[in-house]
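If you use the numbering used here, the sequence shown closes out at 285, no skipped numbers anywhere. Each residue gets a CB set at the ideal place from its N, CA and C atoms; glycine is no exception. What you are looking at is a predicted structure, and each value in this text was computed from that prediction instead of being measured.
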Amino acid sequence: MTEFNEVKIKRILNQTSIDLGEYVINPFMGCEFSCLYCYVRSNRVVARKNKPWGEYVDMRVNAPELLEREIASKKPKTVLLGSTTECFQPIERKYRISGKVLEILNKHKINYVILTRSPYILDYISLLKEGYCKNIYFTINKFSPGFKEIFEPKSPALEARDEAIARLLDESIPVIPYFSPIIPWISDLSGIFGRFEKAGSLEFECLNFNINNITEIINKIALFEPSLRDKYENMVKNRLFYAQTWRDIEKNIAEQAKNSKKSYNIYIHKFGDYFKNTYL
Ligand code: SF4
Numbered sequence: 006m007t008e009f010n011e012v013k014i015k016r017i018l019n020q021t022s023i024d025l026g027e028y029v030i031n032p033f034m035g036c037e038f039s040c041l042y043c044y045v046r047s048n049r050v051v052a053r054k055n056k057p058w059g060e061y062v063d064m065r066v067n068a069p070e071l072l073e074r075e076i077a078s079k080k081p082k083t084v085l086l087g088s089t090t091e092c093f094q095p096i097e098r099k100y101r102i103s104g105k106v107l108e109i110l111n112k113h114k115i116n117y118v119i120l121t122r123s124p125y126i127l128d129y130i131s132l133l134k135e136g137y138c139k140n141i142y143f144t145i146n147k148f149s150p151g152f153k154e155i156f157e158p159k160s161p162a163l164e165a166r167d168e169a170i171a172r173l174l175d176e177s178i179p180v181i182p183y184f185s186p187i188i189p190w191i192s193d194l195s196g197i198f199g200r201f202e203k204a205g206s207l208e209f210e211c212l213n214f215n216i217n218n219i220t221e222i223i224n225k226i227a228l229f230e231p232s233l234r235d236k237y238e239n240m241v242k243n244r245l246f247y248a249q250t251w252r253d254i255e256k257n258i259a260e261q262a263k264n265s266k267k268s269y270n271i272y273i274h275k276f277g278d279y280f281k282n283t284y285l
């Protein structure tokens with residue numbers, strides 16, 4: 006059961022090293038969706054020690070008031086929304102903190118970029134159409150049956166996310182379908198560019214095998230599909246196998262992009278690269 010708490014914080018605009026904005030805004034701490042591969046699980050600043058990730062959400066109820074004040078002193082030009090939380094998780098429908106944040110950013114003509122996987126963002130179409138939303142990276146995926154329950158048991162249905170992207174694109178709101186993470190031998194990439202006719206480009210992020218809970222992820226996959234254990238263990242241990250696996254996947258994406266006349270970016274994490282979680 007998710008625990009919800011109203012909290013007051015001291016600061017809402019935080020500087021970030023993510024190159025999508027000078028500052029980040031996270032209207033909540035915690036996330037109801039509880040994705041197994043969420044980077045924030047490994048973040049010592051944001052993830053609580055006494056409660057599993059996905060089982061608490063702090064609603065930062067004074068975020069709008071703070072934002073008004075901090076805009077005056079920090080004068081941000083571009084802000085990123087949702088680096089360590091989901092701004093449009095179900096509790097937002099009750100509190101509308103993210104909605105108020107959008108209103109304030111629009112009022113001050115501040116550009117913003119949003120990271121989301123929630124169709125509830127559609128509640129704010131009129132705000133997103135005011136011209137300051139510069140991009141929405143909308144996370145999608147496609148799994149063989151049964152795997153969604155392992156990786157993202159509480160996140161919105163994958164089909165609903167595709168439909169939300171199509172709706173946003175119909176409204177001429179800039180959206181990049183962000184396929185993340187590609188889980189080798191499980192994520193289904195077939196016909197991926199055809200799923201989003203109006204999207205000019207797609208982005209892909211490969212599963213990061215360096216995150217803190219990779220053993221838990223591999224164990225859960227192997228429990229469901231034992232034949233995959235060797236392959237996944239090789240992805241952690243064998244540099245050549247790791248490189249070849251991602252090369253094959255990128256080749257598949259590149260061919261599909263060429264045939265669809267679309268562009269793409271793919272992020273492949275380095276083998277054995279120490280995981281630095283800087284998503285503050
Ligand atoms: S929706 Fe985003 S913030 Fe929430 S658990 Fe999933 S990856 Fe983490």
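Any idea if residue i is buried or exposed, counting beta-carbon neighbours within 10 angstroms, 16 or more meaning buried?
i: residue 259; result: exposed
i: residue 61; result: buried
i: residue 88; result: buried
i: residue 97; result: buried
i: residue 231; result: exposed
i: residue 268; result: exposed
i: residue 213; result: buried
i: residue 37; result: buried
i: residue 245; result: exposed
i: residue 12; result: exposed
i: residue 6; result: exposed
For residue i, is the beta carbon positioned less than 6 Å from some heavy atom of the ligand SAH?
i: residue 40; result: As for the ligand SAH, it is missing from this structure, which binds only the ligand SF4.
Is residue i a contact residue of the ligand SF4, with contact defined as CB to any heavy atom under 6 Å?
i: residue 122; result: yes
i: residue 90; result: yes
i: residue 106; result: no
i: residue 36; result: yes
i: residue 43; result: yes
Report the rounded CA-to-CA distance for residue i versus residue j, giving the unit in angstroms.
i: residue 71; j: residue 255; result: 43 Å
i: residue 147; j: residue 210; result: 13 Å
i: residue 174; j: residue 160; result: 21 Å
i: residue 118; j: residue 92; result: 12 Å
i: residue 17; j: residue 75; result: 8 Å
i: residue 270; j: residue 262; result: 10 Å
i: residue 284; j: residue 33; result: Because residue 284 carries a pLDDT of 44, less than 50, the predicted location of this residue cannot be relied on, and no value is offered for it.
i: residue 86; j: residue 194; result: 27 Å
i: residue 8; j: residue 46; result: 17 Å
i: residue 204; j: residue 167; result: 11 Å
i: residue 142; j: residue 189; result: 21 Å
i: residue 95; j: residue 31; result: 15 Å
i: residue 197; j: residue 78; result: 44 Å
i: residue 186; j: residue 272; result: 10 Å
i: residue 127; j: residue 170; result: 9 Å
Going by CA-CA distance only, name the one from the options that's closest to residue i.
i: residue 140; options: 150, 116 and 163; result: 116
i: residue 265; options: 221, 206 and 223; result: 206
i: residue 145; options: 219, 129, 201 and 130; result: 201
i: residue 83; options: 127, 163 and 23; result: 23
i: residue 288; options: 267, 257 and 275; result: Any property of residue 288 remains undetermined from this structure, which presents the chain solely from 6 to 285.
i: residue 26; options: 129, 80 and 6; result: 80
i: residue 150; options: 143, 64 and 163; result: 163
i: residue 100; options: 143, 142 and 63; result: 63
i: residue 29; options: 19, 36 and 38; result: 19
i: residue 39; options: 13, 138, 90 and 55; result: 90
i: residue 179; options: 217, 41, 192 and 138; result: 138
Measuring CB atoms only, is the region 120-140 touching the region 46-55, in the sense that at least three cross pairs come out at less than 8 Å? They do not touch, by the three-pair rule.
Below 8 Å, how does it come out for the region 129-140 and the region 151-159: are there three or more Cβ pairs, yes or no? Because the criterion of three Cβ pairs below 8 Å is not met, the region 129-140 and the region 151-159 do not touch.
Just checking, does the region 98-106 make contact with the region 63-77 on the three C-beta pairs under 8 Å criterion? Result yes; three or more Cβ-Cβ pairs closer than 8 Å.
Could you say if the region 174-187 and the region 231-238 meet the contact criterion of at least three C-beta pairs nearer than 8 Å? Counting Cβ pairs under 8 Å, fewer than three are found: no touch.
State whether the region 220-228 contacts the region 247-254, with contact taken as three or more CB pairs (one from each stretch) at a distance under 8 Å. Note that the region 220-228 does not touch the region 247-254; fewer than 3 beta-carbon pairs, one per stretch, sit closer than 8 Å.
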